[in-house]
Amino acid sequence: MSMRIAKIVLLGCITFYYAMVTINNLTGFDTNYQFVRHVVAMDTTFAGNPGLWRALAQPSLALVLYWLIILWELATSLLLAWGTLRMARSLQANAAEFARAKDTGIYGLTLGLMLWLLAFITVGGEWFLMWQSRLWNGEETAGRNFLISAVLLVLLAQQDGELRH
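FYI, in our numbering the residues of the sequence shown are 653 to 817.
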């Protein structure tokens with residue numbers, strides 16, 4: 653029972669985190685939009701950078717990308733919240749039912765992992781060379797968020813035994 657509770661609580665914590673990220677991106681819209689705009693414009697990468705042909709200098713394209721990130725975060729938050737609720741409702745269920753209840757949380761964590769690995773580390777970090785910027789480099793944060801979500805996914809994927817009554 654204690655591992656089931658730990659999984660539910662930790663999934664609830666990461667749900668809260670993704671919800672806060674979404675809320676912060678909406679309420680601090682311009683600050684976080686500027687981050688995306690500068691990353692995709694590649695205006696703070698190394699001078700003479702041969703990869704500058706990838707830059708998207710149009711603010712409207714950066715705005716579209718920013719909204720896609722916010723929607724991605726929102727979808728992740730909703731899946732994680734639904735997964736947390738499903739698991740909480742199945743706390744006393746048999747092992748097979750509890751395992752089925754974990755599926756939504758697993759999908760949510762996978763979507764979150766994709767956000768950090770694909771959108772931030774790969775596209776932002778390597779395509780737009782975010783790692784070259786001292787001002788607009790979010791790779792450390794993305795790596796930390798990826799690691800936290802990955803650890804929770806591994807924990808959640810662990811099999812649960814039958815409850816002893």
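Here a beta-carbon is modelled for each residue, glycine too, at the ideal position from N, C-alpha and C.
- Query: Would the region 660 to 677 and the region 721 to 734 be scored as touching if the rule is three or more Cβ pairs under 8 Å?
  - Reply: yes
- Item | For Asp682, the nearest candidate out of Pro711, Ala753, Val803 (CA to CA) | Of the candidates Pro711, Ala753, Val803, Pro711 places its Cα closest to the Cα of Asp682.
- Touch check for the region 747 to 755 and the region 806 to 816: three-plus C-beta pairs under 8 Å? yes
Distance check for Thr793 and Leu799, CA to CA, integer angstroms please.
Rounded to the nearest angstrom, the two C-alpha atoms are 10 Å apart.
Check your understanding: Once you ignore the five residues that flank Arg741 on each side, which residues in its own chain have a CB closer than 8 Å to its CB?
Key -> The beta carbon of Arg741 sits closer than 8 Å to the beta carbons of Ala753 from its chain, once the five residues preceding and following it are set aside; these are given in chain order.
- request: Have a look at Ala733 and Trp719 and give me their C-alpha separation to the nearest angstrom.
  value: 21 Å
Using only the alpha-carbon positions, how far apart do Leu663 and Val692 sit? 32 Å
query = Would you call the CB atoms of Trp768 and Gly735 closer than 9 Å?
reply = no
Secondary structure of Pro702, DSSP reduced to three states: coil
ask   = Between Gly777 and Ser801, is the Cβ-Cβ spacing less than 9 Å?
value = Pairing Gly777 with Ser801 gives a Cβ-Cβ distance that is not under 9 Å.
Are the CB atoms of Ala714 and Leu807 within a distance shorter than 9 Å? no
| field | CA nearest to the CA of Phe687, picked from Arg786, Leu770, Asn797, Leu815 | value | Arg786
>> Could you tell me the alpha carbon to alpha carbon distance between Asn677 and Phe772, rounded to whole angstroms?
In response: 15 Å
Taking DSSP as the reference, what is the three-state secondary structure of Met766?
-> Helix, per DSSP.
* **Nearest-angstrom beta carbon gap, Arg656 and Leu743 [assumed within contact, 8 Å]** => 6 Å
Please go through the same chain and pick out, in chain order, the residues whose beta-carbon is closer than 7 Å to the beta-carbon of Asp755, but skip the five residues on each side of it.
none
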